[in-house]
Every structure is written in C-alpha cells, then in structure tokens.
Amino acid sequence: MGDYSKALEFYEKALEVTRKGVPPNHPDFATSYNNIGAVYNETGDYSKALEFYEKALEIRVKALPPTHPNLASTYNNIGAVYHNIDDYSKALEFYQTALEITKKALPPAHPNLAASYNNIGLVYKYMGDYSKALEHYEKAHQICEKALPSTHPNLASSYNNIGLVYDRMGDFSKAVEFYEKALQIDEKTVPPNYPRLAASYNNIGGVYSDMGEYAKALEFFENAHQIFEKALPLTHPTLALSLDNIGLVYNEMGDYAKALEFQQKALEIRKKTLAPNHPDLARSYNNIGSTYHDMGDYAVALKSLQNAFEILEKALEEDNAALSFAYSNLGKVYRGMKDYSSSLECFEESLSIRQKTLTDRHPHLAITFSNIGDVNGLMGYYEKALLFHQKALNIQENVRCNPLECATTYTNLGETYRRMKEYPTALVYFQKGIEIRENKLPKNHPDLAVIYHYLAKLYLAMRQYNMAMKNIQQAVEIAEEKLPSNHPHLLDYRKIFEKIRKKL
C-alpha cells in the first residue's frame with residue numbers, strides 16, 4: 026500500500042503543476058486524471074477510480090479527434106473499473122466503444138486491437154456467454170499470430186485465454202491443448218523460476234482437477250508452488266492462492282487432513298498481510314468451511330463459512346458476485362444439516378444476486394436453480410422441485426457449459442422422480458447423469474458413489490434387489506476409500522446396504 030500512496034502523492038503533485046501551467050481542458054489534465062484513476066483502481070477504490078477516469082474522458086472527448094487512440098484507452102480504463110465491480114453490461118458498453126475507435130484508428134493486425142478483443146472476451150466469460158467469449162478471444166489470437174513472433178508472451182496469454190473458456194465449457198481436452206501451447210512458449214522464453222511459468226502450471230493443474238485426474242493436478246500445482254516459493258516473499262498473496270489450489274485437490278481426493286493443512290497455511294499468510302475485512306480472507310474461510318462440509322462436520326463448516334460471510338458483507342456491495350457464492354456455500358451446509366428452510370433461504374439469496382448480476386443463461390444461475398430444486402424436493406415440494414430443475418436444464422442443455430453440472434441436475438431430477446414414485450422416469454434421469462459422470466470422472470470419485478446410492482434406492486423400491494445390491498456395493502466401496510469413517514454419506518450407504526441385504 027505504501028508504494029500506491031507514494032504514486033498517488035506524485036500524481037497529485039503533477040496535477041497541481043498542470044493546473045498552474047495549462048488551461049482547464051488541456052489534454053495534460055486527462056493524463057494526470059488517468060494516472061490518479063489507475064492508482065485508485067489498483068487499490069480497489071473503484072468509485073474514486075471512476076471519478077478520475079470520467080474526468081479524463083470528458084477532456085479527451087472535447088480535445089481529441091473521435092478516433093484518437095488515447096480516447097480508446099480511456100474507454101478501456103472505465104470498462105475495466107465496471108468489470109471490477111461486476112457491472113458487466115456497462116463494462117461491455119465501454120469496451121465495445123474502445124474497440125470501435127481502435128478499429129478506425131489502427132491497422133487490422135495491430136496488437137492494441139487484440140487487447141480490445143481480449144477485454145470483451147473476458148467480460149463475456151464472466152457473463153457466462155462462453156461462445157461469445159471464445160469468438161472474441163479467437164479474433165484476438167488471429168491478430169497476435171499475425172503481428173507477433175511465435176514465442177511472444179502475449180501469444181501465450183492468448184492461448185491461456187482460449188484454454189480457460191474451453192475449461193469453463195467442460196471441454197477439458199481442448200483446454201489442456203491450449204494451456205500446453207502457452208506453457209511451451211513460456212518454457213522457451215522465461216527463466217525456470219519465473220512466476221509466469223507457475224501461472225501456466227496452475228492453469229493445467231486446474232483442468233486436470235476438473236477432469237478428476239487429481240494426481241496430475243497435484244503435480245502441476247506443486248510445480249507452480251515451488252516456483253512461487255523461490256520467486257516471491259513468504260507472505261506474498263499469490264503463495265496463499267497456490268496453497269489454496271493444492272488444498273482443493275487434496276479435498277477432492279478425500280484427503281481432508283492434508284487439504285486443511287494447506288488451507289490453514291494460506292489463511293495464516295492472509296492474516297499476516299491483509300486487512301481483517303479483505304475479501305481474500307473470506308476466500309480462506311470459504312475453502313476451510315467447504316472442506317469441513319465435505320468431511321460431514323457441518324457445525325465447524327458453518328462457523329467458518331459465517332466468518333467468510335461477515336467479511337464479505339462488510340467489504341463488498343450487497344449484490345456482489347462473491348456474496349452469491351457465500352450464500353450458496355451456506356445453503357449446502359444447511360442442507361447437509363437437514364435445516365432445509367435455512368438452506369432454501371440461502372440459495373434464494375444467492376439466486377437473487379445472480380439474477381441481478383448475470384445473464385439469464387449463465388451456468389451459475391443453472392447451478393442455483395438446481396440447488397433450489399433439490400432442497401424443494403427434500404422438503405417434499407416435488408412440483409416446485411421439478412420446475413426449478415427444468416429451469417436449470419433449460420440453460421445447461423442449451424449453453425455450452427460443464428457437462429458435470431448438467432449431470433448433477435439429471436441426478437437431482439432422478440431423485441425427485443424416485444421420491445414421487447415415478448420410477449421409470451427416475452431411471453431415465455439417473456442413467457443420463459451416470460453416463461456423464463462415468464465418462465468424465467475417475468472410477469472412485471465420491472460423486473459417482475452418490476448416484477450409485479440413489480440408483481440402489483431406486484432398484485430397492487422397484488424390488489430389483491440384485492441390481493440394488495450391485496449399486497450399493499459400488500457406493501460403499503468408493504466411500505470407504507475416499508471418505509472419513511464417520512462421514513454421513515458413508516453411514517447412509519451402509520444403512521441402505523443392510524436394507525437390501527435383508528431382502529436377498
């Protein structure tokens with residue numbers, strides 16, 4: 026923060042000098058306002074950043090021709106602030122204005138044009154419109170390929186951008202392909218302990234984690250972490266993020282003690298370096314809470330997630346996207362505790378924020394609809410459950426999103442129909458869900474155990490006891506390998522196993 030204070034002091038002195046030397050609408054004022062706005066943007070004071078960027082824009086609109094590159098630069102700056110405060114429609118508006126100016130002002134293969142397409146692609150990615158994001162990232166990439174040498178860092182960034190969209194769309198093999206192209210450039214052009222190389226390892230690790238290939242994910246995340254440890258101070262925020270990544274993989278692998286070890290280390294770094302209400306502290310509490318949730322220790326999970334929520338409530342605007350995730354995490358814990366009314370309340374709060382901040386076809390909206398449908402089903406409100414699951418599917422089946430999210434909705438639908446005693450329909454949806462999960466996940470993934478358990482209960486109700494036993498054995502085997510011995514899921518699976526055994 027000290028460096029930013031010095032920068033602000035310097036730029037404010039420069040502004041005073043400008044005031045004495047030139048008339049009020051001189052372009053030099055715009056330069057000073059832009060510099061001050063940039064400092065406020067970096068420190069997270071977005072209202073101040075916007076105030077100074079808008080002053081710069083007002084001067085440049087009057088002083089410069091309509092196709093001047095500096096005008097595009099200011100529109101980009103304002104777009105970036107709106108992006109930072111999650112106002113994506115406003116961000117898009119300013120980025121598109123910048124793009125139109127840049128297209129008129131510069132040749133078609135100029136790198137600045139690629140930067141404009143990248144900005145727009147980034148906003149569409151956050152809006153969940155992955156097709157549009159990909160379209161703009163590919164336009165940027167075509168320019169980079171023409172304008173830059175084959176080992177230029179911007180080309181690596183472009184491969185990373187495209188890889189990230191494929192990752193979000195659930196096309197993991199394509200994501201890895203593009204991330205590895207970025208890594209090849211970085212390995213040729215940067216020193217072996219350079220943080221940029223670690224970022225590439227992190228991207229690839231993230232895809233392998235999404236694919237359920239946790240050993241590979243861990244390898245890449247640990248490679249990244251070793252670089253960060255050598256290149257950065259011991260309390261650098263990026264080290265905390267790196268520890269989070271490793272912790273999340275151990276969580277997915279069912280090694281909850283290891284997960285907590287890394288997540289606690291990340292929390293300690295953040296406690297030393299961040300203000301007590303910094304959103305990244307909430308990230309740590311959220312991760313720790315999620316691990317305790319997966320362990321089935323709902324009381325400790327709830328305490329940690331409430332810590333996260335209190336920080337975010339103080340630090341952020343009431344409709345910020347991070348709050349929607351906090352509500353969602355709380356909803357999952359209350360669901361695990363069988364406090365369905367509190368769970369529903371949290372998921373509905375999450376939905377309210379997401380409907381204000383996201384496009385109506387964003388994958389995160391679909392996940393929230395599915396969660397609300399699931400809780401309604403658990404409460405016995407089956408028609409309402411079906412309505413929300415269908416809303417989720419209307420997005421998931423028509424937007425290129427992660428197929429595993431679609432599999433969860435199919436599974437939830439199957440369980441709702443099972444409770445309604447509509448067994449043939451339940452079976453259809455369970456089969457759709459299991460086909461995706463068996464195709465995308467390793468054979469011992471806990472999410473497969475969940476659906477085998479549901480299938481076992483369905484076959485038990487249909488009096489197909491051999492099929493029921495086959496499925497519950499698979500669920501128990503996975504859970505015994507992956508979950509703690511006192512995990513609520515494992516206890517449920519064993520109860521169903523005993524019920525089925527008595528029928529044979």
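By our numbering, the letter at position 74 of the sequence shown is numbered 99, and the numbering carries on one by one without gaps.
For glycine and all other residues, C-beta sits at the position ideal for the given N, C-alpha and C.
Bear in mind the structure is a predicted one, so any value in this text is a computation, not a measurement.
**Report entry** Cα-Cα separation between D196 and Y484, rounded to whole angstroms
**Finding:** Taking the straight line from one Cα to the other gives about 33 angstroms.
**Report entry** Proximity of F245 and I271 at Cβ, strictly below 8 angstroms
**Finding:** In this structure, F245 sits away from I271, with a CB-CB distance that is not shorter than 8 angstroms.
Report task. Determine the burial state of S198: buried for a count of at least 16 other Cβ atoms within 10 Å of its Cβ, exposed for fewer. Result -> Exposure of S198 is indicated by the presence of fewer than 16 other C-beta atoms within 10 angstroms of its C-beta.
Requested in this report: Tell whether a beta-carbon distance below 8 angstroms holds between F334 and A351.
Outcome: Going by beta carbons, F334 and A351 fall inside the 8 angstroms limit.
Query raised in the report: With 16 as the cutoff for other CB atoms within 10 Å, does Q421 come out buried or exposed?
Result: That one is buried.
Query raised in the report: Is the region 383 to 401 close to the region 122 to 139, with three or more CB pairs under 8 angstroms?
Result: With the cut-off at 8 angstroms, the region 383 to 401 and the region 122 to 139 do not touch.
Requested in this report: List the endpoints of the continuous alpha helix (DSSP H) containing P304.
Outcome: Element bounds for P304: 304 to 320.
Query raised in the report: For L330 versus N354, is the C-beta distance shorter than 8 angstroms?
Result: A contact, by the Cβ cut-off of 8 angstroms.
Query raised in the report: Is it true that the region 158 to 167 meets the region 131 to 150, where meeting means three or more beta-carbon pairs spaced less than 8 angstroms apart?
Result: Taking 8 angstroms as the limit for Cβ pairs, the verdict is that the region 131 to 150 does touch the region 158 to 167.
Requested in this report: Output the distance between the C-alpha atoms of C169 and P133, rounded to the nearest integer angstrom.
Outcome: Taking the straight line from one Cα to the other gives about 11 angstroms.
Query raised in the report: Is the CB-CB distance between M278 and Y239 below 8 angstroms?
Result: In this structure, M278 places its C-beta atom within 8 angstroms of the C-beta atom of Y239.
Query raised in the report: Considering only residues of the region 363 to 433, which uninterrupted alpha helix (DSSP H) runs meet the minimum length of 4 residues and lie entirely inside it, listed in chain order?
Result: The region 363 to 433 contains, as complete alpha helix (DSSP H) runs of 4+ residues, the segments 365 to 382, 388 to 403, 407 to 421 (chain order).
Query raised in the report: Whose C-beta lies closer than 6 angstroms to the C-beta of M236 among residues of the same chain, with five residues either side of it excluded?
Result: Excluding residues up to 5 positions away in sequence, F197 lie with their Cβ nearer than 6 angstroms to the Cβ of M236 in the same chain.
Query raised in the report: Helix, strand or coil: how does DSSP classify D70 here?
Result: Three-state result, D70: coil.
**Report entry** the region 60 to 69 contacting the region 82 to 95, beta-carbon criterion three pairs below 8 angstroms
**Finding:** Note that the region 60 to 69 does not touch the region 82 to 95; fewer than 3 beta-carbon pairs, one per stretch, sit closer than 8 angstroms.
**Report entry** Short Cβ contact (8 angstroms threshold) for L579 with S57
**Finding:** In the structure as shown, the chain starts at 26 and stops at 529, and residue 579 therefore has no counterpart that could be examined.
Query raised in the report: Is P48 helix, strand or coil by DSSP?
Result: Note: P48 maps to coil in three-state DSSP.
Query - Buried or exposed (CB count within 10 angstroms, at least 16 for buried), P388 - result: P388 is classed as buried because its beta carbon has at least 16 other beta carbons within 10 Å across all chains shown.
Query raised in the report: For the putative contact between A291 and L259, defined by C-beta atoms under 8 angstroms, what is the C-beta separation to the nearest angstrom?
Result: With 8 angstroms as the limit, A291 and L259 do not qualify as a contact, their Cβ atoms being about 12 angstroms apart.
Query - Residue ranges of each alpha helix (DSSP H) within the region 448 to 496, 4 or longer - result: Segments of the alpha helix (DSSP H) lying fully in the region 448 to 496: 448 to 465, 471 to 486.
Query - Same chain, Cβ closer than 8 angstroms to L89, five either side skipped, listed in chain order - result: Cβ neighbours of L89 within its own chain (closer than 8 angstroms, five residues either side excluded): P52, N95, L96.
Report task. Report the rounded CA-to-CA distance for K528 versus A493, giving the unit in angstroms. Result -> The straight-line gap from Cα to Cα measures roughly 10 angstroms.
Query raised in the report: K283: which of D211, L243, K409 sits nearest, CA to CA?
Result: The candidate whose alpha carbon is nearest that of K283 is L243.
Requested in this report: Have a look at F287 and K446 and give me their C-alpha separation to the nearest angstrom.
Outcome: Cα-Cα distance, rounded: 44 angstroms.
**Report entry** Whole alpha helix (DSSP H) elements within the region 90 to 125, 4-residue minimum
**Finding:** DSSP runs (the alpha helix (DSSP H)) wholly in the region 90 to 125: 94 to 109.
Query raised in the report: In the structure shown, what three-state DSSP assignment does A340 receive?
Result: A340 falls in the helix class under three-state DSSP.
Query raised in the report: How long is the line joining the alpha carbons of A347 and I187, rounded to whole angstroms?
Result: One C-alpha to the other measures close to 24 angstroms.
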